[in-house]
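Only one structure is covered here, and it is reproduced in the block below.
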Amino acid sequence: MFHNIGISGLLIIFAIALIVFGPAKLPQLGKAFGETLREFRSSTRGIIEDDKHEPAAELIKERNPT
């Protein structure tokens, strides 16, 4: 996700967030971001698992109901 962002890029993002939100809000924002990312990952993991368990023939029938 952040493969192209180096340390300098992260420092710039952190400095901008510090200026915009202030030092009191940063822990709350970090927590909210972490929870959102965790929920997103678990949702995508669930979708991938559902796709693995559904046979390909049923998928084709659902997509082409002729």
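Residue numbers (the numbering used here): 2 to 67. For glycine and all other residues, C-beta sits at the position ideal for the given N, C-alpha and C. Treat the numbers as computed from the prediction; the structure is a model and nothing was measured.
Terminal residues of the continuous alpha helix (DSSP H) containing residue i?
i: isoleucine 14; result: 8 to 22
Cutting at 6 Å between CB atoms, please list the residues of its own chain near residue i, excluding the five before and the five after it.
i: isoleucine 1; result: The first residue shown for the chain is 2 and the last is 67, placing residue 1 beyond what the model contains.
Below 8 Å on the Cβ atoms is my guess for residue i versus residue j; work out the distance and round it to an integer in Å.
i: leucine 27; j: leucine 19; result: 7 Å
DSSP three-state call for residue i: helix, strand or coil?
i: lysine 32; result: helix
Using a Cβ-Cβ cutoff of less than 7 Å, which residues in the same chain neighbour residue i once the five nearest sequence positions on both sides are dropped?
i: phenylalanine 22; result: Leu30
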